[in-house]
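**Student:**
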Amino acid sequence: MQIALAPMEGLVDNILRDVLTRVGGIDWCVTEFIRVNDRLLTPAYFHKLGPELLTGAWTAAGVPLRVQLLGSDPVCLAENAALACELGSEVIDLNFGCPAKTVNKSRGGAVLLKEPELLNEIVEHVRRAVPKHIPVTAKMRLGFDSPDGALVCATALAEGGAAHIVVHARTKVDGYKPPAHWEWIPRVQDVVKVPVFANGDIWSVEDWRRCREISGVEDIMLGRGLVSRPDLARQIAAARAGEEIIEMTWADLQPMLQDFWLQVVEQLTPRQAPGRLKQWLAMLTRNYPEAVELFSAVRRETDLDAVGHLLGVQRTEAA
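Under the working numbering, the letters of the sequence shown match residues 11 to 329, in that order.
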C-alpha cells in the first residue's frame with residue numbers, strides 16, 4: 011500500500027509538506043500544480059513551488075516529492091516536464107482534476123476531461139519527452155459534470171503511458187461535496203492495467219476501511235483529511251500493518267504548529283503569514299476542540315509577535 015499526500019493549491023505548500031511528512035506514514039508528496047501555458051518556465055519558477063528540488067527532491071523527512079504540471083498544450087507540457095526532470099523530479103504528475111473555475115476557464119484541470127483524446131495526447135507527449143526511467147502519472151476526477159466518461163478518460167491516460175492514475179471520486183461539478191463515489195474506482199481499475207489510487211473523503215481510519223472495501227484498491231491519496239488530522243497517514247499505515255493506533259494529541263501537535271509558524275514567518279510576508287496559520291487552524295478544528303479556541307484567539311490578530319505569543323514561540327532577530 012502506498013499513501014500519498016495530495017497536492018492542494020494554496021494550502022499544501024513546501025512548509026506544510028515539510029511539517030506533515032515528518033509525522034510519518036506518507037510515502038510521497040506532490041507540488042502544488044505548476045501552470046504551463048505557452049512557454050518554457052524558468053528553473054526559478056519550479057524552485058518557487060518545489061524548493062525541495064534543491065535538496066534532491068526530498069522533504070527534510072526523506073519523503074520524495076514529484077512535480078505536478080497543469081495545462082493543455084502537449085508540446086509545452088512536454089518541454090516543461092523535461093526541464094523538471096533535469097531539475098531533479100523523479101516523477102512527473104499531470105493534473106486533470108483541478109475544479110477551480112479560473113483554471114478551467116483557461117483550459118486546465120478537470121475541464122480537459124471533456125476531451126479524452128487530448129488527455130491521451132498530453133500523456134504521450136510528456137512520456138516521450140522525459141527519460142524512460144521517470145514515471146509519468148496522472149490525477150483525474152470522475153468527469154466534468156457526469157461520471158459517464160470516466161472509463162474513457164482513464165483508458166486514454168493509461169494508453170498514453172500513465173504509470174498510475176489517482177482518481178478523485180467526484181466530478182468537477184461535485185467539487186468537494188460529500189459523498190465521494192468510491193464505487194466508481196473499481197470500475198476504473200477494471201479498464202486499465204496500471205494501479206489506481208483512491209482519493210476523496212478519507213477523513214479517518216474508519217473511512218479508509220470503507221473506501222478499501224468499496225473501491226477494492228490498496229493505494230490512497232489523502233488531502234484535506236490529512237491536513238485536518240496530521241497523523242492520519244500514520245494511523246492508516248499502522249492499521250494496515252495490524253499495529254496499535256496511537257492518535258496524536260493536541261499537545262503532540264504543538265511543536266508542529268510552532269515550527270510551521272516560524273517557517274511561515276521566515277518565508278512569507280508579514281501580511282500573508284497570519285492567514286496561512288489561520289487556514290491550517292481552521293481545518294484542525296474538525297478534529298481538535300482546542301483548535302477552535304486557538305483559532306478564535308488568532309482570528310482577528312495580524313501582529314506577528316502577538317500570534318507567536320499565542321503559539322508559545324518567540325521570533326528570533328533573523329526571522
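Beta carbons: idealized from backbone N, C-alpha and C, even for Gly.
What residue from F270, R220, E228 and E89 has the CA that sits closest to Q199's CA?
**Tutor:** The residue you call residue 199 lines up with position 189 of the sequence shown. The shortest CA-to-CA distance from Q199 to any of F270, R220, E228 and E89 is the one to E228.
**Student:** Should V183 be labelled buried (16 or more other beta-carbon atoms within 10 Å of its own) or exposed?
**Tutor:** Numbered from its first residue, the sequence shown carries residue 183 at position 173. Exposed.
**Student:** Tell me whether M258 sits in a helix, a strand or coil according to DSSP, three-state version.
**Tutor:** Along the sequence shown, read from residue 1 onward, the residue named residue 258 stands at position 248. Three-state DSSP puts M258 in coil, outside helix and strand.
**Student:** Taking only three categories from DSSP, how would you classify K203?
**Tutor:** If you number the sequence shown from 1, residue 203 lands on position 193. Three-state DSSP puts K203 in coil, outside helix and strand.
**Student:** Sort I256, L64, L30 and V206 by Cα distance to L294 and report the nearest one.
**Tutor:** Sequence index remark: in the sequence shown, residue 294 carries index 284 (1-based). The shortest C-alpha separation from L294 is found at L30.
**Student:** Could you tell me which of S99, S116, L129 and R151 sits nearest to G107, measuring between CA atoms?
**Tutor:** Translated into the one-based positions of the sequence shown, residue 107 becomes position 97. Ranking S99, S116, L129 and R151 by Cα distance to G107 puts R151 first.
**Student:** Exposed or buried, which one is Q136 when buried takes at least 16 other CB atoms within 10 Å?
**Tutor:** Here residue 136 is taken as the residue at index 126 of the sequence shown, counted from 1. Residue 136 is actually Val in this sequence, not Gln. Classification for V136: buried.
**Student:** Below 8 Å between beta carbons: does that hold for V140 and L104?
**Tutor:** Residue 140 sits at position 130 when you count from the first residue of the sequence shown. Residue 104 sits at position 94 when you count from the first residue of the sequence shown. No, the Cβ-Cβ distance between V140 and L104 is not below 8 Å.
**Student:** What separation, rounded to the nearest whole angstrom, lies between the Cα atoms of A307 and A292?
**Tutor:** Along the sequence shown, one-based indexing puts residue 307 at 297. Along the sequence shown, one-based indexing puts residue 292 at 282. Cα to Cα, the separation comes out at about 12 Å.
**Student:** Is it the case that the Cβ atoms of G318 and W271 are separated by a distance below 8 Å?
**Tutor:** Taking the sequence shown and counting its residues from 1, one reaches residue 318 at position 308. Taking the sequence shown and counting its residues from 1, one reaches residue 271 at position 261. Contact: yes.
**Student:** Fully enclosed by the segment 227-283, which beta strand (DSSP E) runs are 3 residues long or longer?
**Tutor:** 230-232
**Student:** Give every residue of the same chain whose Cβ lies closer than 6 Å to the Cβ of V237, excluding the five residues on either side of it in the sequence, and list them in chain order.
**Tutor:** Counted from its first residue, the sequence shown places residue 237 at position 227. Excluding sequence neighbours, V237 sits near M293.
**Student:** Between N24 and T147, what straight-line distance do the alpha-carbon atoms span, to the nearest angstrom?
**Tutor:** Taking the first residue of the sequence shown as position 1, residue 24 is located at position 14. Taking the first residue of the sequence shown as position 1, residue 147 is located at position 137. Between N24 and T147, the C-alpha separation is close to 21 Å.
**Student:** Under the rule that 16 or more other beta-carbon atoms within 10 Å means buried, what is D217, buried or exposed?
**Tutor:** On the sequence shown, position 207 is the one that residue 217 refers to. Classification of D217: buried, given that the 10 Å Cβ count is 16 or more.
**Student:** What residues match up with R45 in a beta bridge as DSSP calls it?
**Tutor:** Along the sequence shown, one-based indexing puts residue 45 at 35. Under the DSSP definition of a beta bridge, R45 partners with L80.
**Student:** For T69, count the other beta carbons within 10 Å of its own beta carbon; 16 or more makes it buried, fewer makes it exposed. Which is it?
**Tutor:** Indexing the sequence shown from 1 puts residue 69 at position 59. Per the 10 Å Cβ criterion, buried.
**Student:** What is the DSSP secondary structure of F106, counted as helix, strand or coil?
**Tutor:** The count along the sequence shown starts at 1 and reaches residue 106 at position 96. Strand, per DSSP.
**Student:** Could you give the C-beta distance for V215 and I255, rounded to a whole number, given that I count them as a contact under 8 Å?
**Tutor:** On the sequence shown, residue 215 is found 205 positions in, with the first residue counted as 1. On the sequence shown, residue 255 is found 245 positions in, with the first residue counted as 1. Contact holds; Cβ gap of about 6 Å.
**Student:** For R281, count the other beta carbons within 10 Å of its own beta carbon; 16 or more makes it buried, fewer makes it exposed. Which is it?
**Tutor:** Numbered from 1 along the sequence shown, position 271 holds the residue referred to as residue 281. R281 is exposed by the Cβ-count criterion.
**Student:** Considering only C-alpha positions, which residue in the set V201, W194 and I144 is nearest to A166?
**Tutor:** In the sequence shown, counting from the first residue as 1, residue 166 sits at position 156. Minimum Cα-Cα distance from A166 among the listed residues V201, W194 and I144 corresponds to V201.
**Student:** Which of helix, strand or coil does DSSP assign to M150?
**Tutor:** As a working note, residue 150 is residue 140 in the sequence shown. Here M150 sits in strand by DSSP.
**Student:** What residue range is occupied by the uninterrupted alpha helix (DSSP H) comprising A164?
**Tutor:** Against the sequence shown, residue 164 aligns to sequence position 154. Element bounds for A164: A160 to G170.
**Student:** If you drop the 5 nearest sequence neighbours on each side, which residues of the same chain put their C-beta closer than 8 Å to that of L320?
**Tutor:** Sequence index remark: in the sequence shown, residue 320 carries index 310 (1-based). Excluding sequence positions up to five before and after L320, its CB lies within less than 8 Å of the CB of L304, A307, V308 and E311, all in the same chain and listed in chain order.
**Student:** CB R32 to CB A71, shorter than 8 Å?
**Tutor:** Along the sequence shown, read from residue 1 onward, the residue named residue 32 stands at position 22. Along the sequence shown, read from residue 1 onward, the residue named residue 71 stands at position 61. Their beta carbons are under 8 Å apart, which means R32 touches A71 by this criterion.
**Student:** Restricting to runs no shorter than 4 residues, where is the alpha helix (DSSP H) found entirely within the segment 21-75?
**Tutor:** 24-31 and 53-59
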